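Residue 133 in the UniProt record's numbering sits at position 133 of the sequence shown, with consecutive numbering throughout.
Ideal placement from N, C-alpha and C gives every residue a C-beta, glycine not left out.
None of these values were measured; they are calculated from a predicted model.
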Amino acid sequence: MSAQTLVYGTIDDALVFIDRDLAQELALLRTGIGTWGQARELLPPRRWQDIVERLEGWEKEPPASAEPFDLSQIPGYDDGDWPEWPAQLMLDWMPPELIARFGRSTASVLNGDFLDIAAQHEAALVTVLEGAGWTCIKDNALVRTASGYDPGDRECPINGGSGLASVS
Numbered sequence: 001m002s003a004q005t006l007v008y009g010t011i012d013d014a015l016v017f018i019d020r021d022l023a024q025e026l027a028l029l030r031t032g033i034g035t036w037g038q039a040r041e042l043l044p045p046r047r048w049q050d051i052v053e054r055l056e057g058w059e060k061e062p063p064a065s066a067e068p069f070d071l072s073q074i075p076g077y078d079d080g081d082w083p084e085w086p087a088q089l090m091l092d093w094m095p096p097e098l099i100a101r102f103g104r105s106t107a108s109v110l111n112g113d114f115l116d117i118a119a120q121h122e123a124a125l126v127t128v129l130e131g132a133g134w135t136c137i138k139d140n141a142l143v144r145t146a147s148g149y150d151p152g153d154r155e156c157p158i159n160g161g162s163g164l165a166s167v168s
């Protein structure tokens with residue numbers, strides 16, 4: 001991931017950083033679409049195509065345009081395997097030296113490893129990321145929604161959210 005604008009926030013006392021455009025897309029996907037027709041119109045073409053391919057993989061067609069948009073109809077959603085999990089994506093783009101310095105890779109119960117960064121490292125990590133060329137904007141509500149959490153409830157994942165449950 002080249003330097004860009006990141007949004008970040010805290011979930012379960014852990015910092016989560018995500019590309020701002022992806023965070024907005026995931027938040028829209030999780031909470032901003034009323035019908036399947038709106039999904040087709042509002043989502044980026046690659047996201048819509050991914051949904052269509054997931055449905056076709058299960059020999060399903062996208063529901064009619066006027067039908068209510070329901071993420072649980074998309075294979076992988078209820079399992080927490082889709083859409084992307086921001087805490088897991090951080091392992092793909094964050095420089096290894098920052099992972100070692102500020103966090104640790106932690107195994108989740110069902111969905112693979114994710115990056116766990118204690119909230120106490122916020123100021124130091126933001127300083128380092130900005131020094132490396134990223135722009136960092138704190139937006140807890142957007143990050144929580146993009147991650148599958150209700151933005152106003154510390155304890156409540158949105159249905160299908162990956163959460164940060166870990167294996168000890």
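Could you give the residue range of the beta strand (DSSP E) that holds residue i?
i          : result
residue 9  : 5-11
residue 15 : 14-19
Judging by CA-CA distance, which residue of the options is the nearest neighbour of residue i?
i           : options            : result
residue 87  : 19, 5 and 4        : 19
residue 39  : 21, 89, 65 and 140 : 65
residue 144 : 6, 4 and 23        : 23
residue 103 : 125, 85, 83 and 7  : 125
residue 8   : 101, 89 and 83     : 89
residue 61  : 67, 52 and 30      : 52
residue 32  : 63, 4 and 71       : 71
residue 119 : 6, 132 and 13      : 13
residue 77  : 141, 151 and 29    : 29
Classify residue i as buried or exposed, calling it buried when 16 or more other Cβ atoms lie within 10 Å of its own Cβ.
i           : result
residue 25  : buried
residue 27  : buried
residue 139 : buried
residue 43  : buried
residue 146 : buried
Kindly indicate the opening and closing residues of the alpha helix (DSSP H) around residue i.
i          : result
residue 35 : Where residue 35 is concerned, there is no enclosing alpha helix (DSSP H), given that its DSSP letter is neither H nor E.
residue 51 : 45-57
residue 93 : 86-93
Is there a Cβ of chain D sitting closer than 8 Å to that of residue i, yes or no?
i           : result
residue 142 : The displayed structure is made up of one protein chain only, and chain D is not part of it.
Check the DSSP bridge columns for residue i and list the partner residues they point to.
i           : result
residue 106 : 114
residue 138 : 8
For this session: Take every Cβ of the segment 115-128, pair it with every Cβ of the segment 4-24, and state whether three or more of those distances are shorter than 8 Å.
Result: Yes: at least three Cβ pairs fall under 8 Å.
> Would you call the segment 39-58 and the segment 86-101 in contact, with 3 or more CB pairs under 8 Å?
Replying inline: Taking one beta carbon from each stretch, the segment 39-58 and the segment 86-101 have fewer than 3 pairs nearer than 8 Å; the two do not touch.
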